[in-house]
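Student:
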Amino acid sequence: MKAAIIGAGAIGGFYGAALADAGMDVSFIARGKTLIAIREHGLRLVGNTELTLDVPVTDDAAEIGQVDVVLLCTKTFQVAEAARTYLPALMGPHTLVVTTQNGVIAPHELSAIIGPEHVAPGVCRQWVKIVEPGLIMDLGGPRMFEVSTIDDSPNTLVNELREACRKGGLTSPDVENITTTLWVKMCSVVPQGACGAVLDVSLGDLLGPYRDVFARCIDETVQVARAHSARIADDFIEKNLTFLAGQDPASTTSFQRDILAGRPSEYAAQVGAVPRLGDEVGVDTPINDVIAAVLGRREAQNRA
1 MKAAIIGAGA IGGFYGAALA DAGMDVSFIA RGKTLIAIRE HGLRLVGNTE
51 LTLDVPVTDD AAEIGQVDVV LLCTKTFQVA EAARTYLPAL MGPHTLVVTT
101 QNGVIAPHEL SAIIGPEHVA PGVCRQWVKI VEPGLIMDLG GPRMFEVSTI
151 DDSPNTLVNE LREACRKGGL TSPDVENITT TLWVKMCSVV PQGACGAVLD
201 VSLGDLLGPY RDVFARCIDE TVQVARAHSA RIADDFIEKN LTFLAGQDPA
251 STTSFQRDIL AGRPSEYAAQ VGAVPRLGDE VGVDTPINDV IAAVLGRREA
301 QNRA
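Residues 1 to 304 in this note's numbering are what the sequence shown lists, from first letter to last.
As structure tokens, then:
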């Protein structure tokens, strides 16, 4: 199997390195300082994973050519541009493009560009962050990568990708309902980023003095998910809070770090999406409405 990774940031770097370390033919597409750093020093992982790989990296997809699988590891607001810029050179008649973004927006946006038959939604579960271009910090976590076709139909390439993930030390289970899987991740990570950003606190404080508002934010997101036909377990909130209690209390989400640092963020696909998706199905989201209003103003200022 031949693969291309578009975006060698935290997610693309971590999961791409796992696949390359497992022996898959993997090439990376990067730009600017990241491209230079990987060419000069290799792709480096530190923390819970200590690894340096000399990997092919380019900013020209034509140098890679057609591949079996593409991991699209950009921010959500970069999906359309990346698809139109890089995918024509990478895609053959059966190529699958795996989305890795948090939320439920990216697979549908990509489907409108390349067709749903080429889209495989993916869900990443690992705490990783960029230390500097080409250097990724693995902070721990489940080391999981869940992937399926957009309609959960059987697919040989999906099965081969799951097996390659397992060889690379990742957990990659079979997926019965990718829509539910995407919503479960959204209900897990988006409320943390939303509450963490609006309060400017890390996970430990969300589980401490701000636990009630955090839980209510999660609950609203769960209600929206269920109204969109996601099968979210009755004990999801309790189990999610218990899981988070075992993670680093200093942790924050990438959305939270981006918006508080004044960078463009995935606001529209995450925090801003919850009230909008709630409105579509008649679910009130008062906590999320307020958070989205506050952070939406900040996002607009960051992009001005």
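A virtual CB, placed ideally from N, CA and C, is assigned to each residue, including glycine.
For clarity, every value in this text was computed on a predicted model and none was experimentally measured.
When you compare the CB positions of Gly278 and Gly296, do they come within less than 8 Å of one another, or not?
Tutor: No. Outside cutoff.
Student: Indicate whether the contact test is met: 3 or more Cβ pairs, each with one atom in the region 159-167 and one in the region 206-217, closer than 8 Å.
Tutor: Output reads no: the region 206-217 does not touch the region 159-167.
Student: So for Thr253, helix, strand or coil by DSSP?
Tutor: If DSSP states are grouped into helix, strand and coil, Thr253 belongs with coil.
Student: Grouping DSSP H, G and I as helix and E and B as strand, with all else coil, what is Leu182?
Tutor: Reduced to three states, the DSSP call for Leu182 is helix.
Student: Would you kindly work out how many angstroms separate the C-alpha atoms of Ile38 and Gly262, rounded to a whole number?
Tutor: Spanning the two alpha carbons is a distance of roughly 26 Å.
Student: Using 8 Å for Cβ pairs, my map puts Ala62 next to Ile113. What's the rounded Cβ distance?
Tutor: Actually they are not in contact, since the Cβ atoms of Ala62 and Ile113 sit about 19 Å apart, beyond 8 Å.
Student: Taking the beta strand (DSSP E) that Lys2 falls in, what are its first and last residues?
Tutor: It spans Lys2 to Ile6 - the beta strand (DSSP E) in which Lys2 sits, taken as one unbroken run.
Student: I need the straight-line Cα distance from Glu132 to Met144, nearest angstrom please.
Tutor: Approximately 24 Å between the Cα atoms of the pair.
Student: Quick check on the DSSP output: the alpha helix (DSSP H) that includes Glu109 runs from which residue to which?
Tutor: Start and end: Ala106 to Ile114.
Student: When the Cα atoms are used, what is the spatial distance from Ala8 to Glu280?
Tutor: Using only the alpha carbons, I get a separation of about 35 Å.
Student: Using CA coordinates, which residue listed in Glu266, Val290, Leu43 and Asp200 is at the minimum distance from Ala18?
Tutor: Taking only the C-alpha atoms, the option nearest Ala18 is Leu43.
Student: Which stretch, first to last residue, makes up the beta strand (DSSP E) that contains Asp138?
Tutor: Element bounds for Asp138: Leu135 to Val147.
Student: If the criterion is Cβ atoms closer than 8 Å, does the pair Val67 and Ala3 meet it?
Tutor: Yes, these two residues count as a Cβ contact at 8 Å.
Student: Out of curiosity, what's the CA-to-CA distance linking Val147 and Asn155?
Tutor: So the two alpha carbons sit approximately 11 Å from each other.
Student: Do Val55 and Val26 have their C-beta atoms closer together than 8 Å?
Tutor: In contact: Val55 and Val26 (Cβ atoms closer than 8 Å).
Student: Figure out for me which residue from Val190, Val189, Val184 and Glu266 has the closest Cα to the Cα of Ala233.
Tutor: Nearest C-alpha to Ala233: Val184.
Student: Taking the beta strand (DSSP E) that Gln126 falls in, what are its first and last residues?
Tutor: Where Gln126 is concerned, the enclosing beta strand (DSSP E) stretches over Val119 to Glu132.
Student: What distance in whole Å lies between the Cβ atoms of Val190 and Thr221, which are believed to be in contact at a cut-off of 8 Å?
Tutor: Their Cβ separation, rounded to whole angstroms, is 6 Å, which keeps Thr221 and Val190 in contact under 8 Å.
Student: By the DSSP assignment, the beta strand (DSSP E) with Gly47 in it spans what residues?
Tutor: Segment Leu43 to Gly47, the beta strand (DSSP E) holding Gly47.
Student: Leu71 lies in the beta strand (DSSP E); which residues open and close that run?
Tutor: Residues Val69 to Leu72.
Student: What did DSSP end up calling Gln27 once you bin it into helix, strand or coil?
Tutor: Residue identity differs from the one stated: residue 27 is Ser in this sequence, not Gln. Strand, per DSSP.
Student: Provide the residue span of the beta strand (DSSP E) that contains Leu53, from first to last.
Tutor: Counting along the chain, the beta strand (DSSP E) containing Leu53 begins and ends at Leu51 to Leu53.
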